[in-house]
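Same order as they appear, the protein sequences are chains A and B.
Okay, so the first sequence: first residue is 1 according to UniProt numbering, each after it adds one.
Okay, so the second sequence: first residue is 1 according to UniProt numbering, each after it adds one.
Below: one structure, written as structure tokens.
There are 2 protein chains.
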Amino acid sequence: MSNSGAALTVYGMSTSGNCHKVRLLLEQLGTRYDWCEVDSAGGQTRTPEFLAMNPNGKVPLVRRNDGRVLTESNAILFWLAEGTPFLPVDGWQRAQALSWMFFEQYSHEPYIAVARFICGWTPADSPRRTDLPRLRERGHEALSVMEQHLAAHDWFTGPHYGIADIALYAYTSVAEDGGLVLSAYPALQRWLQRVHEQPGFVSMAPPAAEVQARFIASR
Amino acid sequence: MSNSGAALTVYGMSTSGNCHKVRLLLEQLGTRYDWCEVDSAGGQTRTPEFLAMNPNGKVPLVRRNDGRVLTESNAILFWLAEGTPFLPVDGWQRAQALSWMFFEQYSHEPYIAVARFICGWTPADSPRRTDLPRLRERGHEALSVMEQHLAAHDWFTGPHYGIADIALYAYTSVAEDGGLVLSAYPALQRWLQRVHEQPGFVSMAPPAAEVQARFIASR
């Protein structure tokens with residue numbers, strides 16, 4: 001962790017989509033922040049020190065320099081985006097952004113991110129691998145809902161890129177790591193390309209070589 | 001469905017906690033609305049007509065009389081509560097409310113609501129019942145996080161009852177239907193009582209007798 005005197009510290013695992021959401025928005029906002037790497041897959045969110053900050057034992061978490069903390073990736077996006085072009089002012093549009101972000105956490109991430117985690121971070125003989133067919137099936141249902149929206153709209157909320165796009169981008173962009181092939185979703189693929197072309201875009205950190213080898217072996 | 005000319009129609013299943021959230025807030029706001037009962041457990045969210053409104057096939061959903069729709073229970077709460085005492089004005093407090101609502105949808109509802117669904121709405125020999133021990137274990141983890149907060153705070157966001165309380169109340173209040181006994185959580189039990197005492201409070205509709213019999217048989 002650097003100690004630059006920034007007003008905000010992000011605790012996160014760089015190869016986690018939920019954590020990358022926060023980094024991507026902060027980079028696009030040009031906000032100064034410190035990043036404290038936390039190996040969630042290795043148990044570092046379950047230490048007494050971490051649980052004192054977040055009893056739910058999850059990253060990302062942001063800590064202000066007065067000690068106050070905020071958890072849950074999409075709540076962090078909403079807080080950071082307030083008053084910026086990444087969050088509409090209109091109440092109905094804000095609610096639509098939230099609707100997509102709750103969709104992401106309930107109907108998308110638990111399948112697409114979990115399939116990726118099992119493929120990359122569990123051994124080849126893990127009993128959790130028997131969950132993969134069901135996770136992939138439900139993940140494709142979520143991708144189909146996104147495809148239907150993107151066939152008629154450029155972005156997930158109103159006429160501009162914003163926090164709903166960031167929330168959905170994170171794990172969609174790495175869905176193939178978990179064995180969810182994106183070739184059946186042409187509108188979604190064009191949207192991913194539009195996200196890549198946004199000013200200040202940064203890619204998620206690649207996982208370690210052995211994790212990438214397990215992604216390939218799991219296909 | 002009544003057709004009172006109200007500006008808002010809620011599509012929901014009355015015995016669903018996610019749907020009850022919306023009814024509870026609307027009653028407490030004193031807002032006029034129509035309620036269209038949708039038997040989600042019986043497949044009515046998977047008809048072509050319903051999927052045209054919500055491709056994700058879930059209730060609750062609100063429809064304005066100009067035809068525009070909003071999905072996801074907690075996004076609906078946020079939209080309805082804007083400008084009312086149920087949602088703080090301060091950006092940090094709003095983000096804390098959202099953080100608890102994302103916690104509810106990711107770390108609470110998928111265990112506590114799903115355990116209740118399996119106990120009440122699947123047959124005694126359903127293979128899904130093998131999931132119950134794991135669901136209850138994770139559900140208790142969520143209740144413990146709530147208990148830790150409530151040991152030091154009356155409400156989930158700031159000094160007043162609000163939408164984070166409504167979101168967490170819905171399935172916590174019926175956790176015992178899914179076999180999650182609340183006796184180990186005294187602060188949480190006092191909070192449930194405080195919620196019951198709020199002006200305009202309405203209880204969730206009781207499920208059919210055969211569903212209640214299955215709750216009891218599943219303990």
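Think of the CB as a built atom: it goes at the ideal place given N, C-alpha and C, for glycine as much as any other residue.
Model, not experiment: these values are computed from the prediction.
Among the candidates the options, whose CA atom is the shortest distance from the CA of residue i?
i, options, result
"LEU26/B", "PRO55/B, PHE78/B, THR172/B and GLU49/B", "PHE78/B"
"GLN212/B", "GLN148/B, GLY179/B, GLN189/B and ARG190/B", "GLY179/B"
"VAL69/B", "TRP100/A, THR9/A and VAL59/A", "TRP100/A"
"residue 222/A", "MET204/A, ARG116/A and PRO88/A", "This structure does not reach residue 222/A, given that chain A is present from 1 up to 219, and the question cannot be answered."
"LEU8/A", "THR45/A, GLN44/A, VAL62/A and GLY57/A", "VAL62/A"
"PRO123/B", "VAL10/B, LEU24/B, GLN28/B and PHE215/B", "PHE215/B"
"MET13/B", "LEU29/B, GLU37/B and GLY5/B", "GLU37/B"
"GLU137/B", "GLY158/B, TRP121/B and TYR111/B", "TYR111/B"
"VAL181/A", "TYR11/A, HIS196/A, LEU168/A and GLY139/A", "GLY139/A"
"VAL59/A", "ASN65/A, GLN96/A and ARG23/A", "ARG23/A"
"TRP92/A", "LEU80/B, GLY91/B, GLN96/B and LEU87/B", "LEU80/B"
"ARG64/B", "TYR11/B, ARG129/B and HIS160/B", "TYR11/B"
"LEU87/A", "ILE163/A, ALA175/A, SER173/A and GLU176/A", "ILE163/A"
"VAL114/B", "GLU176/B, GLY5/B and ASP39/B", "GLU176/B"
"ALA167/A", "GLU104/A, SER183/A and SER126/A", "GLU104/A"
"residue 301/A", "GLY67/A, GLU109/A, ILE118/A and GLU82/A", "With chain A running from 1 to 219 in the structure shown, residue 301/A is simply not present."
"GLU109/A", "ARG128/A, VAL174/A and PRO48/A", "VAL174/A"
Please work out which residues of its chain come closer than 7 Å, Cβ to Cβ, to residue i, disregarding the five sequence neighbours upstream and downstream, and give them in chain order.
i, result
"SER2/B", "Reliability fails at SER2/B, whose pLDDT of 49 lies under 50, so the model's placement of it is uncertain and no value is given."
"THR84/B", "LEU29"
"ALA205/A", "SER14 and THR15"
"HIS160/A", "PRO85"
"PRO207/A", "THR15 and GLY120"
"ARG94/B", "LEU87 and PRO88"
"LEU66/A", "The sequence shown places Asp at residue 66/A, rather than the Leu named in the question. Nothing listed; no residue qualifies."
Identify, in the order they occur along the chain, each residue of the same chain with its Cβ nearer than 6 Å to the Cβ of residue i, setting aside the five sequence neighbours on each side.
i, result
"SER107/B", "ALA142"
"ALA170/B", "GLY17, HIS20 and LYS21"
"VAL89/A", "none"
"TRP191/A", "LEU150"
"ALA96/B", "Here residue 96/B turns out to be Gln, not Ala, going by the sequence shown. Once the five neighbours on either side are set aside, the close Cβ partners of GLN96/B are THR157."
Return the chain-ordered list of same chain residues with a C-beta closer than 8 Å to the C-beta of residue i, the five sequence neighbours on each side being excluded.
i, result
"ALA209/B", "none"
"ARG32/A", "SER4, ALA6, ALA7 and LEU8"
"GLY57/B", "THR45, ARG46, PHE50 and LEU51"
"ASP165/A", "TRP155, PHE156, THR157, TRP191 and VAL195"
"MET53/A", "TYR11, LEU61, ARG63 and VAL69"
"ASP39/A", "MET13"
"SER126/A", "ILE118"
Does the beta carbon of residue i come closer than 8 Å to any beta carbon on chain D?
i, result
"ALA95/B", "Absent here is chain D; the protein component of the structure consists of chains A and B."
Near-chain B residues of the UniProt domain "GST N-terminal" (6-88) of chain A - C-beta to any C-beta below 7 Å: PRO55, ASN56, LEU70, THR71, GLU72, ASN74, ALA75, PHE78, TRP79 and GLU82
Near-chain B residues of the stretch 97-123 of chain A - C-beta to any C-beta below 9 Å: ALA97, LEU98, SER99, TRP100, MET101, PHE102, PHE103, GLN105, TYR106, SER107, GLU109 and PRO110
The stretch 146-159 of chain A contacting the stretch 184-193 of chain A, beta-carbon criterion three pairs below 8 Å: yes
Residues from the stretch 138-151 of chain B in contact with chain A, defined by Cβ distance under 7 Å: VAL145 and GLN148
Contact the stretch 154-161 of chain B vs the stretch 125-135 of chain B: 3+ CB pairs below 8 Å: no
Validate contact between the stretch 191-201 of chain B and the stretch 88-104 of chain B using beta carbons, cut 8 Å, 3 pairs: no
Contact residues within the stretch 190-206 of chain B, judged by C-beta distance below 7 Å to chain A: none
Whole alpha helix (DSSP H) elements within the stretch 43-108 of chain B, 4-residue minimum: 48-53, 73-81 and 91-103
Stretch-stretch touch, CB-based, cutoff 8 Å, three pairs: the stretch 43-53 of chain B with the stretch 73-93 of chain B: no
Every unbroken alpha helix (DSSP H) within the UniProt domain "GST C-terminal" (90-215) of chain B, with a cutoff of 4 residues, ordered by chain: 91-103, 109-121, 132-150, 163-172 and 186-196
Chain-ordered residues of the stretch 149-175 of chain A with a beta carbon less than 8 Å from chain B: HIS149
Ranges of the beta strand (DSSP E) found wholly within the stretch 1-41 of chain A, counting only runs of at least 3: 8-12 and 34-37
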